[in-house]
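In the working numbering, the protein residues as written are 126 to 217.
Since the structure comes first, as structure tokens, the remarks are kept for the end.
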């Protein structure tokens, strides 16, 4: 059985879309977020366009920048990505 690439999973796509929406909702530019992460603006663009995988340490920093503790939609997306996806993967 071949594994599908995580970058194309529905949970990953949902997570990245929510992260991009949250950046816009907070009125942050890609360049501002990139600077806080120590990345280039093009890296953020590639992540949001699903052309580059988001590193787990980058995700951790993004969640702090995007105030995950105050955003239930983002918390649910994180749960869906890390918990529900794994439950399905390991239940077979």
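Built from N, CA and C at the ideal position, the CB exists for glycine as well.
Candidates the options: closest to residue i by CA position
i	options	result
residue 190	198, 159, 167	159
residue 162	199, 201, 186	186
residue 143	170, 180, 198	198
Three-state secondary structure (DSSP) of residue i
i	result
residue 152	coil
residue 200	helix
residue 195	helix
residue 174	coil
residue 140	helix
residue 162	helix
Spatial distance of residue i from residue j (CA atoms)
i	j	result
residue 177	residue 133	11 Å
residue 175	residue 156	17 Å
residue 168	residue 208	26 Å
residue 196	residue 145	14 Å
Range of the contiguous alpha helix (DSSP H) that encloses residue i
i	result
residue 183	181-190
residue 134	Premise fails: residue 134 is in no alpha helix (DSSP H) and is neither H nor E.
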